[in-house]
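Here is the structure we will look at.
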Amino acid sequence: MGLGYGLWQEQTQKLVMTPELRQAITVLQFSSLELLDYLESETQHNPVLEVERTIDWTELAKELNKTGGTGSMSSSFGGQGLDEAQDGIRQGVTLHEHLEKQLRLLPLNAEALRIGQYLIGNLDSNGYLTLSAEDCAEALGVAKERVTQALQHVQSLEPTGVGARELGECLRLQLAEKADVPPAIYPLIDHYLEEVAQGRITRVAGELKVAPADVQRMVDLLKTLDPKPGRMYSTESPSYIIPDVTVERVGRDYVVIVNEKSTPRLRINDFYRNMLASGDELHKETKDYISGKLSGALWLLKSIEQRRQTIFNVTSAIVELQRGFFEEGVRGMKPLTLRQVAEKVGLHESTISRATTGKFAQTPRGVFELKYFFGSGVQNASGDSTSAESIKSQIKQLVAAENPNKPLSDQKLAQLLQEQGIEIARRTVAKYREEENIPSSSQRKRYE
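Under the numbering used here, residues 5 to 452 are what the sequence shown spells out, in order.
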């Protein structure tokens, strides 16, 4: 059999990822804060782009009213006025700063102060001491007794419980400030915390030779204590959310408004635009450079507008498909997939995913990430579907209304949901309950 050669034509489709398309995808997937950083970087690297300076006439009118409409405005918008405004945004005091300030108020000699400061510096974010007295004594070259005395001073500071080396010691420090503490609570702390966490109240009562109701009261007392006393002084940076869209109710309808204020208004610099349009002779490299930057700026502006329109279309589709949520709350939420929204707005599922990840909507029911409105569900008796979030909400309501002496088992919760027309298995109820951090029925049971 001979080998043949020939010429033929074949037509194929191939997606070419151009720099412009890549930029549009990048801009779409940015959150509001990430987009701000990106645009700031772009304006620094592209001289053709500039931020359009706009005047907030409402704020200006307020300032004019404050100053009576006369005098220099610099005190209101800059200089000392700006410094005072910035000073008003105060950073929270760290745990170490809070404790050292208190330590300096105690009548301590220089050595005790130095040891106390060293101990404070070795507390973790929850307020627990991360090294032993022996290690501290060796590091500072002092006697262990001195470290023990300094630690007692540190443990006397607020918040109560800091300086503890383990949970039991932390709880004991806090109990020392309370009156009428039952003596049996101390062996409970030392030996039965895990048993109590598992809801084995009867077993612990037998071990301590007290009534289950007494153990329940001790558990209630422990719940008033803070196992992590230093966490209120956490040094983690706060996470800020800028809603990308606002959903407002107007009559019986819901209106989607894209947050234009979250994105600075960009424009093409008139100097470079006029330079190309004037017809003056420019060096080829200069002209090519300006043309390239101008083309990049135009594509960026187009990408920003495309992002705005996509987020608007996607949010509008979500509002329409999840109208039950906006009318009734979580109970009215339905299962929703990316494909359903993609088909409604005529976009690919991957585009819907990018348009909803890290994007937030301010609604009459709170601020939610757009991803929140997507989720699976189970079928109900009428043949429709009920979302997982809706079922979780109903489980929480059933648990909140249960008799604490006879809490509802997962099987009973499943039965109650089935009576409401929701076809759900016991293991699914257990899964949703755990996802909502609801303890099991044995852990919720109370002994009066």
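Where a beta carbon is used, it is the ideal one built from N, C-alpha and C, also for glycine.
{"query": "Coil, strand or helix - Q202 by DSSP", "result": "coil"}
{"query": "Every unbroken alpha helix (DSSP H) within the region 92-144, with a cutoff of 4 residues, ordered by chain", "result": "99-107, 114-125 and 137-144"}
{"query": "Reference R271, options I261, S299 and G255, closest by Cα", "result": "S299"}
{"query": "Assumed close pair K516, N130 - CB separation to whole angstroms, cut-off 8 Å", "result": "As displayed, the chain neither begins before 5 nor continues past 452, which places residue 516 out of reach and without an answer."}
{"query": "L420: first and last residue of the uninterrupted beta strand (DSSP E) it sits in", "result": "Per DSSP, L420 belongs to no beta strand (DSSP E); it is in the alpha helix (DSSP H), D414 to E423."}
{"query": "Beta carbon of S307 nearer than 7 Å to that of V52", "result": "no"}
{"query": "Local Cβ density within 10 Å of R253, reported as buried at 16 or more and exposed below that", "result": "exposed"}
{"query": "For R269 and D87, the rounded distance between their alpha carbons", "result": "With a pLDDT of 41 at D87, under the threshold of 50, the modelled position of this residue cannot be trusted, and the question is left open."}
{"query": "Per-residue DSSP class, three states only, for R454", "result": "With the chain covering only 5 through 452, there is no way to say anything about residue 454."}
{"query": "Sufficient close CB pairs (3 or more, under 8 Å) joining the region 171-189 to the region 248-263", "result": "no"}
{"query": "Distance CB(S357)-CB(L342) smaller than 7 Å", "result": "yes"}
{"query": "At least three beta-carbon pairs within less than 8 Å, the region 190-201 to the region 417-432", "result": "no"}
{"query": "CB of L229 within 7 Å of CB of Q156, strictly", "result": "no"}
{"query": "8 Å contact criterion, which E115 and V146 should meet: CB distance rounded", "result": "7 Å"}
{"query": "Those residues which DSSP pairs with F372 across a bridge", "result": "A365"}
{"query": "R335 beta carbon less than 7 Å from that of S397", "result": "yes"}
{"query": "Coarse secondary structure for S307, derived from DSSP in three states", "result": "helix"}
{"query": "E54, enclosing beta strand (DSSP E) - first and last residue", "result": "L53 to V55"}
{"query": "Bounding residues of the beta strand (DSSP E) (the contiguous stretch that carries R271)", "result": "L270 to I272"}
{"query": "C-alpha distance - N409 paired with E452, whole-angstrom precision", "result": "8 Å"}
{"query": "Inter-residue spacing [alpha-carbon to alpha-carbon] between Q310 and E173", "result": "58 Å"}
{"query": "The region 204-223 touching the region 162-173, judged by at least three CB pairs closer than 8 Å", "result": "no"}
{"query": "Residue nearest to K148 in terms of C-alpha spacing, selected from G120, Q422, V318 and H287", "result": "G120"}
{"query": "Spatial distance of V97 from E44 (CA atoms)", "result": "31 Å"}
{"query": "Where P411 falls, given that 16 or more other Cβ within 10 Å makes a residue buried", "result": "buried"}
{"query": "Residue range of the alpha helix (DSSP H) that includes F330", "result": "R327 to E332"}
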